[in-house]
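Here is the structure we will look at.
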Amino acid sequence: MEKINIHGVMMDNVTMDEALGFVVERLDGPGIAKIYTPNSEIMMQAQRDPALKDILNQADLLIADGAGVVLASRILRRPLKEKVSGIDLVKRILENTRTRPTSFFILGAKPGVAEKAAINIISDYPKAEIKGWHHGYFQPGEEDGIIEKINDSGAEVLLVGLGAPKQEKWIHRNASRLNCKVAMGIGGSIDVLAGTASLAPEFMRRSGLEWLFRLYKEPRRFRRMLDLPRFMMLSIRKRFGL
49 MEKINIHGVM MDNVTMDEAL GFVVERLDGP GIAKIYTPNS EIMMQAQRDP
99 ALKDILNQAD LLIADGAGVV LASRILRRPL KEKVSGIDLV KRILENTRTR
149 PTSFFILGAK PGVAEKAAIN IISDYPKAEI KGWHHGYFQP GEEDGIIEKI
199 NDSGAEVLLV GLGAPKQEKW IHRNASRLNC KVAMGIGGSI DVLAGTASLA
249 PEFMRRSGLE WLFRLYKEPR RFRRMLDLPR FMMLSIRKRF GL
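Heads up, the sequence shown is in our numbering, so the first residue is 49 and it goes up one at a time.
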């Protein structure tokens, strides 16, 4: 896959169909595929945290979760094909179970939320087998037991919603201990699948205004969201050598 360098983070230049094709191929391939879905905030975190940037660059699939990342690629004249958001890719993987039954383990969110997500997935995608779940509020001493639970379940896909960058660092640190075929960081997608959080209206998603919807829903995110204009300014300065 073609790589696009956006401020030292090597993004995979893929469409949604190509990303799904990669996942399906890895389900029957060797080893574990690590999938991360950075948005503008995570890209800026990677500028301040070299370890995070290195982790992102060691992904087997690194896709642009936000319109801001795609816009930055265009500003830098290295355009990505399209936005491939984490929640949309998860839904495509679930839809694909109609032709290729797949098993999942859900790790993350508050206690009780992963169970709700599992119930909804089973209802909407009958050929998606949920092998198990665990909330994301665990202590370091519980990690070994959780990994054993994941491995014993035999799940092919591990959906990790611990929030960024915790989930990326967790997958990277534990990948060699996991027996699943795909481990994917999905942020707040578990809440969306559970029905405890909602996506922005489709017109806002198409227009790149998801950040405004999130800010309306969670005003406390204001400081974090300052990274969005910072990311755009960084791209403009690099484009014009300022």
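By construction, the Cβ of each residue, glycine as well, lies at the ideal position given by its N, Cα and C atoms.
Cα separation between residue i and residue j?
i, j, result
"residue 106", "residue 164", "32 Å"
"residue 131", "residue 253", "10 Å"
"residue 245", "residue 169", "15 Å"
"residue 133", "residue 249", "15 Å"
"residue 194", "residue 286", "43 Å"
"residue 113", "residue 85", "5 Å"
"residue 181", "residue 202", "12 Å"
"residue 288", "residue 281", "11 Å"
"residue 273", "residue 136", "22 Å"
"residue 83", "residue 98", "19 Å"
"residue 233", "residue 210", "8 Å"
"residue 293", "residue 242", "Examination of residue 293 is not possible in this model, given that the chain is present from 49 through 290 alone."
"residue 229", "residue 138", "15 Å"
Can you tell me whether DSSP reads residue i as helix, strand or coil?
i, result
"residue 85", "coil"
"residue 145", "helix"
"residue 129", "coil"
"residue 152", "strand"
"residue 117", "helix"
"residue 60", "strand"
"residue 158", "coil"
"residue 80", "coil"
"residue 103", "helix"
"residue 110", "strand"
"residue 175", "coil"
Quick check on residue i: buried or exposed, where buried means 16 or more other Cβ atoms within 10 Å of its Cβ?
i, result
"residue 147", "exposed"
"residue 251", "exposed"
"residue 198", "buried"
"residue 187", "exposed"
"residue 275", "buried"
"residue 144", "buried"
"residue 219", "buried"
"residue 185", "exposed"
"residue 89", "buried"
Kindly give me the distance between the Cβ atoms of residue i and residue j, rounded to whole angstroms, as I take these residues to be in contact under 8 Å.
i, j, result
"residue 208", "residue 155", "5 Å"
"residue 162", "residue 238", "6 Å"
"residue 279", "residue 92", "5 Å"
"residue 141", "residue 68", "7 Å"
"residue 100", "residue 191", "Not really, about 19 Å apart at Cβ, beyond 8 Å."
"residue 115", "residue 283", "So it is not a contact: roughly 13 Å between Cβ atoms."
Every unbroken beta strand (DSSP E) within the segment 177–248, with a cutoff of 3 residues, ordered by chain: Runs found: 205–209, 230–233.
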